[in-house]
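The next block holds one structure in the form of structure tokens; read it before the comments.
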Amino acid sequence: MVIRDLLNLCEITKGKDNKAVIASNIMYVVGQYPRFLRAHWKFLKTVVNKLFEFMHETHPGVQKFLKTVVNKLFEFMHETHPGLQYIFFCSLCWLCQDMACDTFLKIVQKCKRKFVIVQVGENEPFVSELLSALATTVADLEPHQIHSFYESVGHMIQAESDPHKRDEYLQRLMALPNQKWGEIIGQARQSVDFLKDQDVIRTVLNILQTNTSVASSLGTYFLSQISLIFLDMLNVYRMYSELISSSIAEGVPFASKTSYVKLLRSVKRETLKLIETFLDKAEDQPQIGKQFVPPMMDPVLGDYARNLPDARESEVLSLFATIINKYKAAMIDDVPRIFEAVFQCTLEFVHVLLGLGVSVGYPYVSEMGMLNFLFKFSSTFGRLYPRSHMITKNFEDYPEHRLKFFSLLRAIATHCFPALIQLSSQQLKLVMDSIIWAFRHTERNIAETGLNLLLEMLRNFQASEFCNQFYRTYFLTIEQEIFAVLTDTFHKPGFKLHVLILQQLFCLVENGLLTEPLWDAATVPFQYPNNEMFVREYTIKLLTTSFPNMTAAEVTQLVNGLFESRNDLPTFKNHIRDFLVQSKEFSAQDNKDLYAEEAAVQREKERQRMLSIPGLIAPNEIQDEMLDS
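Okay, so the sequence shown: first residue is 1 according to the UniProt record's numbering, each after it adds one.
As structure tokens, this is what we get:
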């Protein structure tokens, strides 16, 4: 009904200006009804061809309408400068093309199979017809619009079930960027300086972005294309990395912020993004990992280790996190090399930073005021140790590296845990120190990643043969560190995970898996009957010392309640909430974060109730079930 009314309106409306506006509305509306489009091929083809017209629209009605909009807007702003009006007019024209490209992508995602079969009355599939006129179709588009267009065509090709046709379509799609890529590489083989020209760098970046767009929609079927450019791409990556390092090493102020270095780094990042996108979207095929991971070790991983901190790309961390999440245990043998290249340079001197509290008289590095102490001393520490690397100098530098580093560490702990067991005690301590540093962080996503990582480490070590050795070394440290962040109002969003970790620790000492004492016989005046009694007394002493406003009886009652309810999570959690209020750390605060889990469960129940009643949930809030899968 909506489409029919718009078509009728277009019929009776006079003037090209008005017809052009109504036509643009029709283009938007038809994108909202994929089932109708799939059922009416001729209408679908007409819509897509009309979108192609909009992609290089010179219709006087559209142009005049946009100019009218520009003039009216500038009247409101009391601005009549012709230069500004022209710039704004061009921007609106691009928005019109953007809408056409976005609508095309949306339609293709939901109707992609219709474009790869020969329809009644047609001589070839629509995708073949489109590829024949590809150069003309994209001639007037901006680079970002071309990337969107290529992604759309990639979705079409992905729907083709015949491998030979699929490869042929992909080859035709990538003919233009591959031709330009071949010319650039050919010139570079004659003179490497050719790659230093900024126009050439921008062209290389554009080609890589086009490949990334296609890889995101094709997945595994992009293999033939990425294999074609992969080794040359790594050589370009290596060369640009050396240019960046030499520019920064020259010591020019703000060298890493110059437009030339930023452009070079954009190529490096896009190279990493392309590889990560392909490996992430590709099906779990071990031969793909064997083909692409070994050649990257030195150009990518080795480059990260050798580079200056300002020249290291955080995308390296996310790339190898993706690789480990994808190929899991198959990467165990490569973890030592990853650890050597990434961990040491990223976390150097972390043990000095985390041990700083001891040197100035703090009995525990995680004493309740230690977090503020770290904030105060981070700048001083940076002056004392100017070469300390990257994310442990303070909580602000290299923000893009922080979450990606801990995501990589979590991937290793989850899928390559046996590799962590093979680490030396010093290396394992570095890992544990970095996890502690992560959940101390005031950035919520970093702290949450650190807590999840710690919980997985605890569970993995509990099930390993090194259970006693690990927990004897780290049990008390972990407990006091968790209590430190639990009672810090900056870390309220992590309450759920704090509770789970404490429950894990308290359950561990009860179930008898720890057969060796957690206490040091040389410093404890008498022997405890078991680890549970020791941990119970240790926790009472820790909290009594840290919260002098609470009486010994209150603390003892709290700890006894925690041990008695350790197998009942809701009761265990309520005991900790009561403690936080009694300690007066949270009593005057907004404590909704302490009940976030229960609130989320209640919201989901209410949503399910509303979904059971037709019409209560708006259609745009319901998961799209109209994709042409």
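No residue lacks a Cβ here, since even glycine has one placed at the ideal position from N, Cα and C.
Kindly give me the distance between the Cβ atoms of residue i and residue j, rounded to whole angstroms, as I take these residues to be in contact under 8 angstroms.
i, j, result
"E313", "L272", "6 angstroms"
"I540", "V555", "5 angstroms"
"I201", "L263", "5 angstroms"
"V335", "C416", "5 angstroms"
"L458", "I501", "7 angstroms"
"M55", "A100", "5 angstroms"
"E270", "L319", "No, E270 and L319 are not in contact; Cβ-Cβ is about 12 angstroms, not under 8 angstroms."
"S245", "A255", "Not confirmed; about 10 angstroms, so no contact."
"T515", "N560", "Incorrect: roughly 25 angstroms between the Cβ atoms, too far for contact."
Where residue i and residue j are concerned, what is the direct C-alpha to C-alpha distance, given to the nearest angstrom?
i, j, result
"L409", "V300", "18 angstroms"
"L6", "R166", "38 angstroms"
"L569", "Q503", "8 angstroms"
"P517", "Q480", "18 angstroms"
"V214", "I207", "11 angstroms"
"L195", "L231", "16 angstroms"
"K106", "K114", "14 angstroms"
"F579", "T544", "12 angstroms"
"P493", "R402", "18 angstroms"
"L513", "V342", "34 angstroms"
"M174", "Q225", "8 angstroms"
"T277", "T13", "47 angstroms"
"T68", "I338", "Confidence is the limiting factor: at T68 the pLDDT is only 48, short of 50, which leaves the residue's position unreliable, though a coordinate-based value still follows. C-alpha separation (whole angstroms): 59 angstroms."
"S148", "C111", "16 angstroms"
"G31", "V108", "10 angstroms"
"I482", "F475", "11 angstroms"
"D520", "V509", "16 angstroms"
"S388", "F406", "Residue placement at S388 is poorly supported in this model, since its pLDDT is 33, which falls under 50; the coordinates are not used for a value here."
"P177", "V267", "15 angstroms"
"L423", "K281", "31 angstroms"
"R38", "L218", "21 angstroms"
"A522", "Y240", "57 angstroms"
"E537", "F506", "12 angstroms"
"I87", "P143", "Bear in mind that a pLDDT of 40 at I87, under 50, signals an unreliable position, so the model cannot answer this."
"residue 654", "R603", "Any property of residue 654 remains undetermined from this structure, which presents the chain solely from 1 to 629."
"P548", "N574", "22 angstroms"
"Y237", "Q287", "23 angstroms"
"D303", "V127", "41 angstroms"
"Q63", "V47", "No answer about Q63 holds up, because its pLDDT of 46 lies below 50 and its placement is not dependable."
"N8", "F43", "15 angstroms"
"E283", "L223", "11 angstroms"
"R383", "R607", "In this prediction, R383 scores a pLDDT of 30, lower than 50, which makes its location untrustworthy; the coordinate-derived value is nonetheless stated afterwards. Each residue's Cα considered, the two are about 53 angstroms apart."
"G121", "H40", "13 angstroms"
"L84", "N18", "Below a pLDDT of 50, predicted positions are generally treated as unreliable, and L84, at 41, falls in that range; no measurement from the model is reported."
"Y28", "K45", "15 angstroms"
"E448", "I478", "15 angstroms"
"P22", "A600", "With the sequence shown as reference, residue 22 is identified as Ile, and Pro is not the correct amino acid for it. Their Cα atoms are separated by approximately 43 angstroms."
"R440", "M550", "24 angstroms"
"Q527", "T489", "37 angstroms"
Looking at C-alpha atoms only, which residue of the options is the closest neighbour of residue i?
i, options, result
"K290", "K257, M331, A311 and T449", "M331"
"E564", "P548, L580, E532 and S583", "E532"
"C160", "G186, I288, V116 and Q608", "In the sequence as presented, Cys is not what sits at residue 160; that position holds Glu. Among G186, I288, V116 and Q608, the Cα nearest to that of E160 belongs to V116."
"A139", "P163, E124, Q171 and Q97", "Q97"
"N452", "A413, Y471, H164 and K429", "A413"
"F52", "C10, K112 and I146", "I146"
"V535", "V47, K429 and R472", "R472"
"I229", "K180, F254 and G219", "K180"
"P418", "F439, E465 and F406", "E465"
"P163", "L243, T220 and E129", "T220"
"I324", "A305, V2 and L279", "L279"
"A133", "D102, V120 and Y169", "Y169"
"P309", "F292, A249 and I288", "A249"
"P295", "S259, N235 and T487", "N235"
"N445", "Q469, L141, H491 and L131", "H491"
"A329", "R265, N307, A411 and Y260", "A411"
"D193", "V153, E151 and E242", "E242"
"A135", "Y150, E124 and P614", "Y150"
Looking at residue i and the ligand NAD, is the gap between the Cβ and the nearest heavy atom below 6 angstroms?
i, result
"T13", "Among the components modelled here there is no ligand, and therefore nothing to report on the ligand NAD."
>> My parser needs the beta strand (DSSP E) runs of 3 or more residues fully inside the region 109 to 139; what are they?
In response: Taken in chain order, no unbroken stretch of beta strand (DSSP E) lies wholly in the region 109 to 139 with a span of 3 residues or more.
>> Restricting to runs no shorter than 4 residues, where is the alpha helix (DSSP H) found entirely within the region 173 to 219?
In response: 175 to 190 and 198 to 218
> Which runs of the beta strand (DSSP E) spanning at least 3 residues fall entirely within the region 507 to 548, listed in chain order?
Replying inline: none
> Which runs of the beta strand (DSSP E) spanning at least 3 residues fall entirely within the region 470 to 497, listed in chain order?
Replying inline: none
> What runs of the alpha helix (DSSP H), each 4 residues or longer, lie entirely inside the region 223 to 256?
Replying inline: 223 to 249
> Could you give the uninterrupted runs of the beta strand (DSSP E) lying entirely in the region 277 to 326, keeping only those of 3 residues or more?
Replying inline: At a cut-off of 3 residues, not a single continuous stretch assigned as beta strand (DSSP E) sits fully inside the region 277 to 326.
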